[in-house]
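Colleague: One structure is given below, represented as structure tokens, and several questions about it will come after.
In my numbering, the protein residues as written are 83 to 306.
Listed below in structure tokens is the structure:
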């Protein structure tokens with residue numbers, strides 16, 4: 083009985099803390115985009131030309147994308163077989179009051195199995211741990227390489243015409259405890275971007291904690 087009585091103050095303290103946390107509202111930053119890599123195209127209403135070469139896209143150039151994801155083997159597992167998945171993203175066009183053709187706010191995402199979902203993301207392409215591909219085995223973005231391809235309809239067949247390659251992806255984050263709340267925070271992300279072909283690369287570092295950072299995808303005068 084003595085042991086039980088002695089434990090009552092500690093039990094009351096735990097109950098008080100639990101009651102306090104129950105009334106506490108956790109406000110975390112937008113962790114849904116904490117690890118995400120976001121892109122947009124520098125499309126204009128009319129293609130810009132320099133030296134006789136196109137140096138920008140118009141809306142019809144970037145209305146349909148196909149994103150490829152290829153698995154890596156960071157753990158050096160024996161008998162590992164890389165797999166590649168793909169999704170096609172169709173972005174409807176509309177004509178504004180000035181007669182300019184623009185990309186609609188609504189995106190149509192079609193997976194490899196034919197399922198179609200609608201996402202309102204304007205002219206932004208988001209690659210996240212579970213978007214547009216489902217998460218697999220707890221892996222994050224850095225367990226894969228990605229390719230973003232523009233798709234054009236040629237003779238009734240939609241084929242990639244211009245691609246961006248995302249390799250050497252680095253993602254770091256941690257759970258940060260503050261009283262009763264625990265929030266995830268990204269502490270760094272970076273990737274290598276290949277424009278037009280895998281060999282033409284540049285290293286891109288995204289500011290940690292910045293979920294609004296959007297990398298603009300440009301067009302080279304002579305894509306290969």
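Backbone N, C-alpha and C fix where the C-beta goes; we use that ideal spot for every residue, glycine too.
Should residue 182 be labelled buried (16 or more other beta-carbon atoms within 10 Å of its own) or exposed?
Modeller: exposed
Colleague: What did DSSP end up calling residue 64 once you bin it into helix, strand or coil?
Modeller: Nothing about residue 64 can be read from this structure; the chain reaches only from 83 to 306.
Colleague: Specify, as a first and last residue, the run of the beta strand (DSSP E) that residue 222 falls within.
Modeller: For residue 222, there is no enclosing beta strand (DSSP E), as DSSP marks it with neither H nor E.
Colleague: Which first and last residues belong to the beta strand (DSSP E) in which residue 121 is found?
Modeller: For residue 121, the enclosing beta strand (DSSP E) has its first and last residue at 119-123.
Colleague: Is there contact here, the stretch 244-263 with the stretch 167-186, by at least three beta-carbon pairs under 8 Å?
Modeller: no
Colleague: Using 10 angstroms around the beta-carbon of residue 214, count the other beta-carbons present and answer buried if the total reaches 16, otherwise exposed.
Modeller: buried
Colleague: Using DSSP with H/G/I as helix, E/B as strand and the rest coil, what is residue 154?
Modeller: coil
Colleague: Could you please give the first and the last residue of the uninterrupted beta strand (DSSP E) stretch that includes residue 167?
Modeller: First-last of the beta strand (DSSP E) with residue 167: 166-172.
Colleague: Am I right that residue 296 and residue 122 are in contact with their C-beta atoms under 8 Å? What's the rounded C-beta distance?
Modeller: Taking C-beta atoms under 8 Å as the contact rule, residue 296 and residue 122 qualify, at a distance of about 5 Å.
Colleague: Out of curiosity, what's the CA-to-CA distance linking residue 153 and residue 229?
Modeller: 12 Å
Colleague: To the nearest whole angstrom, what separates the beta carbons of residue 273 and residue 147, a pair I think is in contact under 8 Å?
Modeller: The pair is not a contact, with the Cβ atoms about 17 Å apart (cut-off 8 Å).
Colleague: Is the Cβ-Cβ distance between residue 264 and residue 124 less than 9 Å?
Modeller: Annotated as distal: residue 264 and residue 124, with beta-carbon spacing of 9 Å or more.
Colleague: Would you decide whether residue 243 is buried or exposed? Buried here means 16 or more other CB atoms lie within 10 Å of its CB.
Modeller: exposed
Colleague: If you run the structure through DSSP and keep just helix, strand and coil, what is residue 232?
Modeller: Residue 232: strand per DSSP, three-state reduction.
Colleague: Identify whether residue 115 lies in helix, strand or coil by the three-state DSSP scheme.
Modeller: Residue 115 carries a helical assignment under DSSP once its states are collapsed to helix, strand and coil.
Colleague: Return yes when the Cβ of residue 142 is within less than 9 Å of the Cβ of residue 115, no when it is not.
Modeller: Between residue 115 and residue 142, the CB-CB gap reaches or exceeds 9 Å.
Colleague: By the DSSP assignment, the beta strand (DSSP E) with residue 209 in it spans what residues?
Modeller: For residue 209, the uninterrupted beta strand (DSSP E) run begins and ends at 207-209, by DSSP.
Colleague: In angstroms, rounded to a whole number, what distance separates the CA positions of residue 268 and residue 256?
Modeller: 7 Å
Colleague: CA-CA distance, residue 202 and residue 110?
Modeller: Here the model assigns residue 202 a pLDDT of 46, short of 50, so the residue's position is not dependable, and the following value carries that caveat. Answer to the nearest angstrom: the Cα atoms are 23 Å apart.
Colleague: Excluding the 5 residues preceding and the 5 following residue 212 in the sequence, name in chain order all residues of the same chain whose CB lies nearer than 8 Å to its CB.
Modeller: none
Colleague: Among 156, 261, 232, 223, whose alpha-carbon lies nearest the alpha-carbon of residue 278?
Modeller: 232
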